[in-house]
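Colleague:
Numbering (my numbering), first residue to last: 43 to 384.
#1: Just how far apart, CA to CA, sit residue 357 and residue 372?
#2: For the region 186-193 against the region 314-324, do three or more pairs of beta-carbon atoms, one drawn from each stretch, fall closer than 8 angstroms, so that the two count as touching?
#3: Rounded to the nearest angstrom, what separates residue 275 and residue 351 at their Cα positions?
#4: I'd like the span of the beta strand (DSSP E) that includes residue 379, first residue to last.
#5: Sort 227, 199 and 68 by Cα distance to residue 94 and report the nearest one.
#6: Measure the CB-CB distance between residue 219 and residue 239 and report whether it falls below 9 angstroms.
#7: Keeping to the same chain, check which residues put their C-beta closer than 8 angstroms to that of residue 25; ignore five residues upstream and five downstream.
#8: Is residue 234 helix, strand or coil when you go by DSSP?
#9: Output needed for residue 292: all residues of its chain with C-beta closer than 7 angstroms, excluding positions within five of it in sequence on either side, in chain order.
#10: Should residue 379 go down as buried or exposed, given a rule of 16 or more other Cβ atoms within 10 Å for buried?
#11: In whole angstroms, what separates the C-alpha of residue 102 from that of residue 75?
#12: By DSSP, does residue 77 sit in helix, in strand, or in coil?
#13: Provide the residue(s) that pair with residue 164 in DSSP beta bridges, ordered along the chain.
#14: So, with DSSP's three-state summary, where would you put residue 96?
#15: In this structure, what does DSSP give as the bridge partners for residue 244?
#16: Let me make sure I understand the geometry here. Which of 298, 269, 266 and 263 has the alpha-carbon closest to that of residue 279?
#17: Taking Cβ to Cβ, would you say residue 283 is nearer than 9 angstroms to residue 270?
#18: Can you tell me whether DSSP reads residue 134 as helix, strand or coil?
#19: Distance check for residue 374 and residue 235, CA to CA, integer angstroms please.
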C-alpha cells in the first residue's frame with residue numbers, strides 16, 4: 043500500500059524522522075472509520091491537518107437494515123452512511139487505510155530532559171504492514187455487543203431482536219414485543235417500549251427481581267411480567283418464539299410468540315489500543331458495559347489521546363457519535379496550535 047506524502051500545508055518533519063518515515067507521519071491518526079471517526083477526520087482536515095483513518099470495516103450496526111434519527115438521511119443503510127462519510131473525508135485529503143492497529147507505542151512516555159521530544163508522539167503498526175506516526179490519536183473503535191447466551195438469539199440480532207427504542211422502536215410500534223431481562227436497566231427498557239405498544243411483556247430471565255417501584259411501573263404501564271428464564275429463540279410462521287422455563291409458581295415449560303424481541307446487551311468498549319497506551323477502561327455504573335473515561339470533548343487521561351462515539355459512551359446513537367467526533371476534532375486542532383505556543 044502506498045501512503046501519500048503529507049499535504050503542502052503540513053509542517054516540515056523534525057530531525058527525529060527520516061524522509062521515509064515522514065511520508066507516513068500525520069498530525070492525527072483516527073482509529074476507527076464509523077460516524078464518530080470520520081466526523082473527527084473531516085473536522086481536522088477542514089482545519090488543514092494531515093489525517094489518517096485506520097479502519098477495519100466492522101460496523102457495530104452492520105446487521106441493521108436502516109439507521110434512524112439521522113437528520114437528512116432518515117432510514118439510510120449504515121453502510122451507505124459510512125461510504126458517504128468516507129468519500130467526503132477523502133475529498134478533504136484524509137488518508138484511509140483498510141486495516142487494524144496491531145501495536146501502539148507512545149514515543150514520549152518516558153521523556154529524557156536532555157533530549158528534545160520527538161515531533162510525533164505515537165507510532166502505530168497496522169495489519170496492512172504500514173507503520174504510522176502521529177502527533178495525536180483519536181480512538182473511535184466503538185464497542186462490541188455481548189448478547190446473553192441464548193440459542194437462536196444472535197441469529198435474529200438486528201432483525202427481530204432489537205435493543206434501542208429510539209433506533210428501531212417505531213418500526214415495531216403496536217406489535218407484540220417481548221423484553222428479555224438481563225440487568226436492572228431492562229426494566230427501564232421495558233418502560234420505554236411501552237410507549238410504542240400496549241402489548242409488551244417483560245421476561246425476567248437473569249435480571250434481578252423487581253423492587254416495589256419497578257413492580258408499580260410494570261402494573262401502571264400494563265406490562266406483562268413473566269418470571270421465567272429464556273432457553274431458546276426461534277423464528278416460526280407465528281413470529282419469533284421464545285421457549286421458557288416457567289417460574290416456580292407455574293411449574294412447567296412454555297413458549298410465547300412475539301413480533302419482536304428486545305434485549306439489553308453488554309457493550310464492551312473495543313479499547314485494546316487504549317490499554318496499550320496506558321489507559322484504563324472502566325465499568326459503566328449502570329452495568330451496561332465498559333467505556334473509556336473522557337473529559338471535555340473526548341480528551342482522555344492519556345496525554346495526546348481522545349476517544350469518541352461508543353468507545354467513550356455506551357449509549358451514543360449515530361448522531362451523538364458524529365457530534366462527539368466533530369467536537370474532538372476541533373479540540374485536537376486547538377491542542378496542536380497550543381503546543382506551538384508552549
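No residue lacks a Cβ here, since even glycine has one placed at the ideal position from N, Cα and C.
Modeller: Reading from the atomic positions:
#1: Rounded to the nearest angstrom, the two C-alpha atoms are 22 angstroms apart.
#2: Result no; under three Cβ-Cβ pairs closer than 8 angstroms.
#3: In a straight line, the C-alpha of residue 275 is about 31 angstroms away from that of residue 351.
#4: Note, residue 379: premise wrong, no beta strand (DSSP E); alpha helix (DSSP H) at 360-383.
#5: Of the listed residues, the one whose Cα sits closest to residue 94 is 68.
#6: Yes.
#7: With the chain covering only 43 through 384, there is no way to say anything about residue 25.
#8: In the structure shown, residue 234 falls within a helical segment according to DSSP collapsed to helix, strand and coil.
#9: Because the pLDDT at residue 292 is just 46, under 50, the model does not fix this residue reliably, and the point stays unresolved.
#10: With fewer than 16 other Cβ atoms within 10 Å, it is exposed.
#11: Rounded to the nearest angstrom, the two C-alpha atoms are 11 angstroms apart.
#12: Assignment of residue 77 by DSSP, reduced to helix, strand and coil, places it in the helix class.
#13: For residue 164, which the question treats as bridged, DSSP gives the partners 148 and 176.
#14: If DSSP states are grouped into helix, strand and coil, residue 96 belongs with the strands.
#15: Paired residue(s): 221 and 267.
#16: That would be 298, whose Cα lies nearest to the Cα of residue 279.
#17: No, Cβ-Cβ distance for residue 283 and residue 270 is not below 9 angstroms.
#18: In the structure shown, residue 134 sits in coil (DSSP, three-state: anything other than H, G, I, E or B).
#19: Pairing residue 235 with residue 374, the inter-Cα distance amounts to about 39 angstroms.
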